[in-house]
């Protein structure tokens, strides 16, 4: 019984740790922007792995609006300009953990 929860527990720990590291190495706005992209990722994974319906056109439009805002934020972020993709390692790991938790859990 406990074995089926191990992936969820591990992803939760990874999410907590990477969230702390993300907040230490970047600003709160970056963490919020990446976390705001999680519903888009979860909806695609739910469709692919769990057989659920894709969001409606209206919801997809809203999710793409969030994604466009995130891309705009990355382009304007000075930390990204200085350090490149490496600046987003911890927030990306945090996003992956959150998305896994929401899909698996």
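Residue numbers (the numbering used here): 9 to 113. Ideal Cβ placement from N, Cα and C applies to all residues, glycine included.
Below 8 Å between beta carbons: does that hold for residue i and residue j?
i           : j           : result
residue 105 : residue 19  : yes
residue 71  : residue 48  : yes
residue 110 : residue 50  : yes
residue 45  : residue 101 : no
Just to check my reading of the structure: residue i and residue j have Cβ atoms closer than 8 Å, yes? What is that Cβ distance to the nearest angstrom?
i          : j           : result
residue 39 : residue 30  : 5 Å
residue 96 : residue 108 : Not confirmed; about 18 Å, so no contact.
If you run the structure through DSSP and keep just helix, strand and coil, what is residue i?
i           : result
residue 23  : helix
residue 54  : helix
residue 100 : helix
Which term fits residue i, buried or exposed, when burial requires 16 or more other beta carbons within 10 angstroms of its beta carbon?
i          : result
residue 4  : For the chain, the structure presents residues 9 to 113; residue 4 sits outside this window and is missing.
residue 16 : exposed
Give the single residue among the options whose Cα lies nearest to the Cα of residue i.
i          : options           : result
residue 86 : 45, 13, 12 and 34 : 34
residue 98 : 76, 11 and 27     : 27
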